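Take the sequence shown: its letter number 32 is residue 34 in our numbering, and every next letter is one higher. Below is one structure, written out as structure tokens; the observations come after it.
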Amino acid sequence: MLRPRIPTMPTPTSITTPPAVVQPTTVQPAPTPAPTASAPVPATPARPTVQLTPGTALALVGSGTAVVLVVGAVLVSMLLAVAVTATSVAVCAVVLRSLLNGQRQR
């Protein structure tokens, strides 16, 4: 039941023909239109510059400060988690060492 079985290649039941080969055709370039006098292209208007009002500048500074504080809090909490883990591992190592030394002296 659990033995793997290699599938066999099915044999074709009818006569198969190879696919037809498609010959590439040559590309005929389109004739170029005769140059005509065209109207001058109107100048595109310049993009408006971004103007920072005191309110938007204050909002940008506030949001940037909030992002820095949140990222800092996340990094400090990760560092604290690593420090707590290292301390608990060190305490476990000291306890195990004292238990093993106590058994050896008896």
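Glycine included, C-beta positions come from ideal geometry on N, C-alpha and C. It should be emphasised that the depicted structure is a prediction, and the values quoted were computed from it without experimental measurement.
DSSP on Gln109, reduced to helix/strand/coil? No statement about residue 109 is possible, as the shown extent of the chain runs from 3 to 108 and does not include it.
As assigned by DSSP and simplified to three states, the class of Thr58: The residue you call residue 58 lines up with position 56 of the sequence shown. In this structure, Thr58 counts as helix in the three-state DSSP scheme.
- C-alpha distance - Thr62 paired with Leu77, whole-angstrom precision: Here residue 62 refers to the residue found at position 60 of the sequence shown. Here residue 77 refers to the residue found at position 75 of the sequence shown. For the record, residue 62 in the displayed sequence is Leu; it is not Thr. Rounded to the nearest angstrom, the two C-alpha atoms are 23 Å apart.
- Query: DSSP three-state call for Met80: helix, strand or coil?
  - Reply: Residue mapping note: residue 80 aligns to position 78 of the sequence shown, counting from 1. Secondary structure at Met80: helix, using DSSP grouped into helix, strand and coil.
**Message:** For Gly64 and Val93, what's the separation of their Cα atoms in angstroms?
**Reply:** As a working mapping, residue 64 is identified with position 62 in the sequence shown. As a working mapping, residue 93 is identified with position 91 in the sequence shown. Distance between the alpha carbons of Gly64 and Val93 is about 43 Å.
Q: State the DSSP-derived secondary structure class of Val24, mapped to helix, strand or coil.
A: As a position in the sequence shown, residue 24 is number 22, starting the count at 1. Coil.
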